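Worksheet: one structure, shown below.
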Amino acid sequence: MGEIDLGAAAEATIQAYRELASDPAKRLALALDRTCIQFLAYVVAEGEATLVHLAVETLSLISQAQECRTSLANTFGVLEALQAVSEDESNYSEDLRDKATGLFTSLQFARCVKKTPSPDKVLDNPGTSNENSKHPDDVDSTISTAEETANRGSVSSTEQTSNSSGSPVKSDAKSDSSKKSVDSGNSLADNKSEPKEDASRTANSHPAVEKKSSFLGPNNSKAKIVTLYIKGMVNPYIIFLMKKSCSAVVRMLSLRSDKPVFKLTAVR
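Counting in numbering that gives the first Met the number 0, the sequence shown runs from 0 upward without gaps.
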């Protein structure tokens with residue numbers, strides 16, 4: 000395609016886009032039309048000065064709508080073409096270079112700044128915007144309120160538990176169980192003490208055996224007591240003879256102990 004044909008077609012197309020961009024209601028549709036924007040960028044980069052001037056003015060009209068600037072900046076070739084025009088002093092006038100520089104700066108700023116949510120999205124999701132706009136202090140207060148509510152719930156549950164545990168029925172049951180445990184403990188203590196008492200009684204019931212064993216000790220210096228039980232001897236004469244016969248035994252035993260004490264008991 001030659002320059003004349005390209006120039007005539009390009010000028011007619013740019014004029015049509017410019018008329019559409021003059022209507023604010025149609026600027027967003029033009030900004031979203033990548034064919035239109037890439038065509039204008041191509042004209043700015045490769046066209047003559049007159050066509051470049053028309054293309055820059057058309058892009059400026061579209062960029063007057065704030066929601067269209069991000070789409071223009073993200074379209075391939077737009078920023079590069081505007082930067083090339085703003086730096087070319089030999090082929091373009093100062094007025095055209097200033098317009099290209101201003102448009103380049105505006106689109107570059109829109110590209111760097113985070114995209115703000117549109118009013119339609121805010122209306123669709125009011126809860127999200129409200130949650131995001133909350134101050135950190137509000138969030139902290141909300142957390143503290145939730146913690147206080149949880150603490151109150153735990154305290155109330157503890158009080159209910161204590162009240163239920165402090166009811167008369169349960170206290171009586173606890174007292175009965177404690178009494179039973181004490182009684183069982185006493186019975187066990189009595190059972191343990193009974194064998195000791197039996198052993199002491201058994202030991203007391205055989206004093207003669209213990210004294211006899213102590214008397215038989217070789218180094219025992221205590222007084223010795225010997226008890227003789229003579230059963231069935233009720234005749235006084237027989238008892239006299241028995242005492243007389245035992246005197247020899249007494250003398251013999253007295254030789255082996257220091258201070259013997261003898262006791263003769265007759266049992267009828």
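Cβ atoms here follow ideal geometry from the backbone N, Cα and C, with glycine treated the same way.
This one's a predicted model, so the numbers in the text were calculated from it and none came from an experiment.
Assignment of alpha helix (DSSP H) within the stretch 77-101, counting only whole runs of 4 or more residues, yields 77-86 in chain order. Boundaries of the alpha helix (DSSP H) around glutamate 66: 65-73. A residue is called buried once 16 or more other Cβ atoms fall within 10 Å of its Cβ, and alanine 20 is buried on that count. The alpha carbon of alanine 48 has as its nearest neighbour, out of Phe108, Ser89, Leu102, Leu240, the alpha carbon of Ser89. Residues Ala30, Leu31 of the same chain have their beta carbon placed closer than 7 angstroms to that of serine 70, with the five preceding and five following residues left out of the count. Our two residues, threonine 74 and serine 105, have alpha carbons roughly 14 angstroms apart in a direct line.
Inter-residue distance for isoleucine 13 and leucine 53 is about 7 angstroms (C-alpha atoms, whole angstroms). For serine 59, the enclosing alpha helix (DSSP H) has its first and last residue at 48-62. Arginine 26 counts as buried, since no fewer than 16 other beta carbons sit within 10 angstroms of its beta carbon. Per DSSP, the continuous alpha helix (DSSP H) segment holding alanine 44 begins and ends at 33-45. Taking C-beta separations shorter than 7 angstroms and ignoring five residues to either side along the sequence, the partners of leucine 81 in its chain run Val43, Ala99, Leu102, Phe103, following chain order. Burial of alanine 9 is indicated by the presence of at least 16 other C-beta atoms within 10 angstroms of its C-beta. DSSP, reduced to helix, strand and coil, places serine 21 outside both helices and strands of the structure shown, so it counts as coil. By the criterion of a C-beta distance shorter than 8 angstroms, alanine 24 is surrounded by no residue of its chain, once the five residues flanking it on both sides are discounted. A direct Cα-Cα distance of roughly 15 angstroms separates alanine 11 from valine 55. Residues of the same chain with a CB within less than 6 angstroms of the CB of alanine 40, apart from the 5 flanking positions on each side, are Gly76, Val77, Ala80 in chain order. Under a 10 Å Cβ-count criterion, valine 112 is classified as exposed, with fewer than 16 other Cβ atoms of the shown protein chains found around its own Cβ.
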